[in-house]
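This report refers to the structure that appears directly beneath it.
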Amino acid sequence: MLKKLMSIFKSDTPDKKPTQPSKTKTSSSKPKPKVQPTRIGELGEHKINIQLDQLPKGCKYVSDLMVANPKSRTGYSQIDHVVITPHGLFVIETKNYNGEIKGTRDNKSWSVSNRFKMYNPFMQNYGHIQAIKSLLLDYQESRYISLVSFTMRCRFSVDPELRKIQSDELIVYDVELSEYIQRKMNRIQAEKTESVLTESDILKIYQTLKEANITDPKIRAEHVEKAGSAGKTKNIK
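Here the sequence shown stands for residues 4 to 240, where the numbers follow our numbering.
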């Protein structure tokens, strides 16, 4: 009888340790690691490439193009994207800022949420276009459209004309890039004032730009370093 009573009391005693507080709850209170700026840039460029891949088959594009430019402070121009279409060349400058973008076409500096300044991206892109035109001597009279792309983390307080499709200088969000290029191509085609680039022309321009592209890592690193130093003193990229 004694053995039976002992066995009953023994079975009522829990044989497991008290459950410990979940470690995952404690760790979740820690701040999440921030995405590095270089990673943000890579993601942004990936989004742009997805947009450009949606363009018609007759178009070609070159990304991360670096060419010699004696008029630049660094001696080079680094161009984010060049899209070659039958109706002209779209030279694209991409920005990864966050906030309200303020500026006019004639302002040398634009502001980001009134916190810091950047060099007018259309003036910057004008230099890029001139560098490209110096390589394409047979296509000086072709249509060159300057496109500046911002992420959806921004909002625009800029000249309204820069959002109108009739302009050859357009500010767009990255998610609407392919739409604006297609609309602009349709607009130029309707004007019937520009000569159309043939498939042979497009291929020639594409090959010329690819051959002119400077890929040497050392030269590229020096350019980035010089551009960064200039940006700190002049509030430009």
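Virtual Cβ for every residue (Gly too), placed ideally from N, Cα, C. Note that the coordinates shown come from a computational prediction; the quantities given were computed from them, not determined experimentally.
Strand pairing of residue i, partner residues [DSSP]
i: Ser160; result: Lys105
i: Met69; result: Gln81
i: Lys63; result: Ile87
i: Leu150; result: Ile95, Leu173
First through last residue of the beta strand (DSSP E) which encompasses residue i
i: His84; result: 79-88
i: Gly91; result: 91-98
i: Lys120; result: 119-122
i: Ser112; result: 112-115
DSSP three-state assignment for residue i, whether helix, strand or coil
i: Gln133; result: helix
i: Asp141; result: helix
i: Leu55; result: helix
i: Lys50; result: helix
i: Ser75; result: coil
i: Arg223; result: helix
Item to check | Runs of beta strand (DSSP E) lying entirely within the region 155-218, each at least 3 residues, in chain order | outcome: 157-161, 172-176
Next on the checklist: Does the region 68-83 come into contact with the region 193-202, if we say contact requires no fewer than three beta-carbon pairs (one atom in each stretch) closer than 8 Å?
Outcome noted: No, the region 68-83 does not touch the region 193-202.
Checklist entry - Contact between the region 57-65 and the region 81-90: three or more CB pairs below 8 Å? => result Contact check between the region 57-65 and the region 81-90: three or more CB pairs, one atom from each, fall below 8 Å, which counts as touching.
Checklist entry - On the three-pair Cβ rule with 8 Å, is the region 206-214 touching the region 125-140? => result Contact holds: three or more Cβ-Cβ distances are below 8 Å.
Next on the checklist: Quick check: the region 109-117 against the region 127-136, are at least 3 beta-carbon pairs closer than 8 Å?
Outcome noted: These segments do not touch.
Next on the checklist: Contact between the region 96-103 and the region 185-195 is defined here as three or more beta-carbon pairs at a separation below 8 Å; is this criterion met?
Outcome noted: no
Checklist entry - Looking at C-beta atoms only, is the number of pairs between the region 104-113 and the region 157-165 that lie closer than 8 Å three or more? => result In short, these stretches touch, since the Cβ pair count reaches three.
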